[in-house]
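Have a look at the structure below, then the notes.
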Amino acid sequence: METLEGDAGFMDKYSRQIGAFGLETMAKLVKLKVLIVGMRGVGIECTKNLILAGPGAITIHDDGLTEIQDVGVNFFLTEADVGTPRSSAVLHRVAELNKTVTVKAHTGPLTEEVVRKHNVVVFTHTGRDELIRWDAFCRTQSPAIGFITCDIRGAFGYAFTDFGPAFLTHDATGENPITRIITDISSDDDGLVSLLGPDDDGKMHELPDSDHDGWIDISEVEGMVNLDDPTQNINTMGPYRIKFASKNVFRNGKQVPVFDPYHLKLVGGTRRFSPYVGGGMFTQSKQPFTTHFRSFHETLVSPIHPGDFGLMFTDGAKFGRAEQLHLLVWGLLEFEAKHGYLPRLYNDDDADEVVGYAKAGPSAIPGVDVDPIRLDQVDEKLLRQLTHVARIELHPLAAFYGGVIAQEVVKFTGKFTPLKQWMHLDFAEVLPEARPDDVARQNSRYDHIIQLFGLSFHHQLANVRTFLVGCGALGCEYLKNFAMVGVGVGPKGLITVTDNDRIEVSNLNRQFLFREHNVGQPKSVAATAAVRRMNDALNVLTLEHLVAPTTEHVFNDTFWRNDVDFVTNALDNIKARLYVDSKCVFYKKPLLESGTLGTKCNVQVVLPYKTASYADGPKDAPDDNIPMCTLRNFPSLIEHCIEWARAQFEDVFVVPFSDVAKFASDPSTYLHVIRVATVDHPNPKVGASAVPSELERVRALHALVTKPQVEFEDCIALAQTLFTSLFRDRILQLIHNFPEDHQTKTGEKFWSGAKRFPQAATAVDFGNAYHADFIRSVANLYAVNFGLQPPPEDEVVPESSYLRQVDTFAAFGQAHPLAPWVPSSETIAENDEALKKQQEERATNADDVGELERLLNELGALTAGQLAAAARYVAADFEKDNDLNFHIDFIAAAANLRAWNYRIKQVSRHKCKMIAGKIIPAIATTTASVTGLAMIELLKIVQGKSLDQFKDSSNSLGLNMYLLQEPAEPEKAKDEYDMIEMSEVKCKPAGFTKWDTTLVTVQPGVTLAAFLDQVQTQVGLNVNLLFHPVAELGGDEYAAVRGLMLYDRTAFSASLKALYKQKLDVPLREWVEERYQRLVDCDRPFVEFQTSCSDDDDVVYKIPTVVCRFV
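The UniProt record's numbering numbers the first residue of the sequence shown as 1 and each following residue consecutively.
Rendered as structure tokens:
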């Protein structure tokens, strides 16, 4: 594991995957040898996902000859491969996915010798007898070989896992261990552990009462020595099994016990420990457990795992469906064993035979004490419907199951929860409502689609126009899926794909369309080129733009109206998703929304007028806000240190130099803005409150622009100064103000609970890697800031350069000893409340105002030469994925030095990178599966299915949770009492939703008065208020227009009455632009408005958003 962490290239390439799997799992994965049998749809998907994940070696096996329809499910096959063995045809193409994985193809019969060389085997498209044989063989090996099988049959599929008679799981969830701060532990039979409470920003313990993950290790506790063995204490004797604690609360006049989330008990108690003195942390300690898997043969006959009540539940509308599907699997395997082929397409005789086998069920196994599965009632209609198309391979199912079984292979490392043992899932809703009559094979790569849905549907699919937003991991999968099923290959079809990002090394193990030679290229361009090699008939318009308000001149009204039938989102941030969602609502376009987080994924279908939109659903929980005082002076967790280091990066290398650039480009405007915000503010109180923060920035600006010529040695000196300031002087001042024995006003120990007594770094030790990395990174970052080096996005410092050698900085340090520390009179706030009081007191400091005036005057008097020198300064642009730019080097060194200051356990560079860079754990398996599920919904959209046929889903490949449900309907407006209007507000029309609009078509020069009259004519109501939504937006850029109305019929102020009367005869567009200071683009063919209306009896109404369209 240490070897992997020291391999910078490996850590960079797999950074997102390591975030999901962890280094320990990766260390096991890179040694894994996997055999995959079958190279049709699900087999190639599994192979692709696994090679991207990076196991040690993969062997593929499929001597079957390529048929033309295989090209529509195996994206690495081409028409030229027809007639050649599938595994041989794809070998070199899959090997290109990851050069660190040894990939080979086995040809000829599969032998025990071949199978024995692998740790895990995956069988697809394999008959029942062969599956029974090979599973039995794998179980007899020592150690057992993991056995997985999977197949997709038309509109349903199944997966099966057998990891042997005794398989050890080390971490069932894959979630990071929970860590909490301890404030007390009793010495009694309860062993009651008290945690930092909510008043002190503590968190609930969130531990389960479980034999696997209901254990904790305790550390840093003072006291609690083992009375029977004084060499041991509570810190050294873990892990400890926990149990829940309760507290009494009053309910209905009596005390009742309820769960206490801030306390827990240690099983066995703590009576044999001395009393608790102080401090302490606990860290969850997951204990391994053994699962006894049963054989394929046994579970085929009796599939329900011992102790369970049924097979995996996946859909609230399909209770008992998995058991029905298992009988269908049995029937199909029995049919195939007897006939040597699968049931013929839409053949009723074959379907009847399969249903007969299913109803009879499997026979008991001689000598094995299990009861064969039997159901009181078999759903013959369902089984017959699915059997009719069972020989079809529907590519979206292959994508979904290919992710599932690749993740099952990863679970052989002991991370996550393997299947128990069957997984059945059907998508019968995607099937045509009536049997199509144009299903004859066309000798085409699309024959699977044609035979399932009909030739006319294929043409319909080929001529749709979709907008794919984003071309990262999700986007690559979607493009491949479009190519397989034939989206946009017709004469009228079009895929518009856009992404403004470029390819990085860390993208390569998830974004499978990219190779090493693509690094640095635009994602959309490289992905389009790659997918066209899979299907050159794709009509793709490739763009490199963000989809945002700033690009509405590109993605304009004509684009949304004419070039988009539905939208496929492949985005990784909420802001962009909300924007695209708003456009889909406005233009009434269906939206396929999907996302991943590690092994978790979700799909949401947004349908005009039928469903809620993305904006209506739950969003990712906001980041926990760390109290400012904790961040500044009292960190207790490594996360605090990393967030602090990230903030230091901004405060030191970004903000001051950004200010210099703004100032140098237009000094007078810059100084005017500061004066208006402070000393010249029309409201003296508001201006005074802004003085302290603006003074800090002006001081930094003044110091930089008046600095003489800087050389690299000056950068090293600045680095040493910063080191002493952050890790010595600040800490010594803190100790000076609050000595170790300091007490609070209530007589309690100040340094207790979350407050950890610090230690200062009194010297720079170049033998300490964190010290050396800090000085080196700061000096080089300053060198870029001052224009001594080019920005790292243009050119990085060579690894052999003296600017990276520790000796360079050590020699300077030896020649320039640190200045001694001298205590100051600074007051350090104990908490956020005290910090706020300090800031308020500073706002009334006349000396600060005088200093600000002086500095502003001096800045205004700078010479042209000083301004020209300042113009060369460059602000850092934080980039987490360039390992040679010193950015993460600084974060890791600063965070770990801070951790040392506060006696917090130091962490790896990778963890610092994940947290500071806000890197989302991401893996190929989840991405493949979620896009497969979304593609199923796409096929329903094109068919025009009713709402009850669609499925949203929330899934976890790590925990085997697949929950499908009908999409939520849009919320309907209701009559309700409005606190602002102070009256009952009615809806017109009743029950309208966000999808409804009040469309008002006018001439471009329409006046405000004429527009109001037309609205009144259309809706039969008087307009009381009219405003643009920009008046309700947050953010500084909208502050000047916040709350401004275009019209207020009931305005109280005489001046406002006069204003609105005057503007009645002004063209509407002109008034909107003037009122909202050109923040609203009135050159577009429409403008949106919000209103409040009333009837002639002054009954208040709300109506749908008013859309004014100019024609």
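Here a beta-carbon is modelled for each residue, glycine too, at the ideal position from N, C-alpha and C.
Assumed close pair residue i, residue j - CB separation to whole angstroms, cut-off 8 Å
i, j, result
"N960", "T417", "6 Å"
"D1048", "L1025", "6 Å"
"K911", "I919", "No, K911 and I919 are not in contact; Cβ-Cβ is about 10 Å, not under 8 Å."
"A829", "C629", "6 Å"
"L431", "A155", "5 Å"
"residue 1112", "L591", "Residue 1112 is absent from the structure shown; the chain starts at 1 and stops at 1111."
"I923", "A20", "5 Å"
"Q759", "N901", "6 Å"
"I373", "E323", "7 Å"
"P261", "M204", "4 Å"
"Y1076", "V1099", "Y1076 to V1099, Cβ: 30 Å. No contact."
Own chain, CB closer than 6 Å to residue i, minus 5 neighbours either side, in chain order
i, result
"R872", "G787"
"L1064", "L1008, A1009"
"D217", "G238, P239, T283, S285"
"A700", "P656"
"A8", "D883"
"G64", "R86"
Best match in the options for proximity to residue i [C-alpha to C-alpha]
i, options, result
"G41", "T25, G72, Y14", "G72"
"S142", "L50, P165, L97", "P165"
"F163", "L1008, T149, T183, L431", "T149"
"V493", "V469, Q460, D499, Q521", "For the record, residue 493 in the displayed sequence is Gly; it is not Val. The candidate whose alpha carbon is nearest that of G493 is Q460."
"A688", "M224, I674, D211", "I674"
"K415", "C641, I18, Q385", "I18"
"D371", "D565, N535, P303", "P303"
"E748", "G278, V930, G340", "G278"
"A337", "V249, T126, F992, T314", "T126"
"R502", "G488, V489, G490, H517", "H517"
"F167", "F400, H292, A390, N857", "H292"
"V1106", "Y1038, T413, Q1018, D1098", "Q1018"
"Q604", "R374, C476, A934", "A934"
"I891", "D773, E799, R532, I373", "D773"
"D877", "S929, A893, W900, P792", "P792"
"T724", "K48, L897, D349", "L897"
"Y782", "R128, I405, A868, V874", "V874"
Cβ pair residue i, residue j closer than 8 Å
i, j, result
"G280", "V221", "yes"
"L452", "D438", "no"
"A473", "R435", "no"
"A57", "T102", "yes"
"P1004", "E1088", "no"
"residue 1119", "P55", "Within the shown structure, residues of the chain are numbered from 1 to 1111, placing residue 1119 beyond reach of any answer."
"A612", "P970", "yes"
"A483", "L538", "yes"
"E650", "I915", "no"
"V355", "L386", "no"
"V654", "V705", "no"
"Y158", "M534", "no"
"V497", "L479", "yes"
"L342", "R391", "yes"
Cutoff 7 Å; reference residue i; Cβ partners in own chain excluding five residues on either side
i, result
"T762", "R728"
"L546", "N500"
"V942", "Q460, L461, V464"
"T808", "Y802"
"A530", "L513"
Own chain residues within Cβ distance below 8 Å of residue i, not counting five before or after
i, result
"D881", "D12, S15, E504, V505, S506, G917"
"W751", "F738, E740, H742, F757"
- Task: Output the residue ranges of the alpha helix (DSSP H) runs that lie fully inside the segment 74-144 and measure 4 residues or longer, sorted by chain position.
- Result: Listed in chain order, the complete alpha helix (DSSP H) runs (minimum 4 residues) inside the segment 74-144 are 86-95, 112-116, 128-140.
- Query: Which runs of the alpha helix (DSSP H), 4 residues or longer, sit entirely within the segment 511-561?
  - Reply: Counting whole runs of 4 or more residues, the segment 511-561 contains the alpha helix (DSSP H) stretches 523-534.
- What are the uninterrupted segments assigned as alpha helix (DSSP H) that are 4 or more residues long and contained completely in the segment 371-419, given in chain order? Considered as a whole, the segment 371-419 harbours 380-388, 395-410 as its complete alpha helix (DSSP H) runs of no fewer than 4 residues, in chain order.
- Query: Mind pulling the beta strand (DSSP E) runs of 3 or more residues that sit fully within the segment 958-1016?
  - Reply: Fully enclosed beta strand (DSSP E) runs of no fewer than 3 residues occupy 961-965, 976-978, 983-987, 997-1002 of the segment 958-1016, in order along the chain.
- Counting only runs that start and end within the segment 178-218, where is the beta strand (DSSP E) found for 3 or more residues in a row? Fully contained in the segment 178-218 are the following beta strand (DSSP E) runs of length 3 or more, in chain order: 179-185, 192-195.
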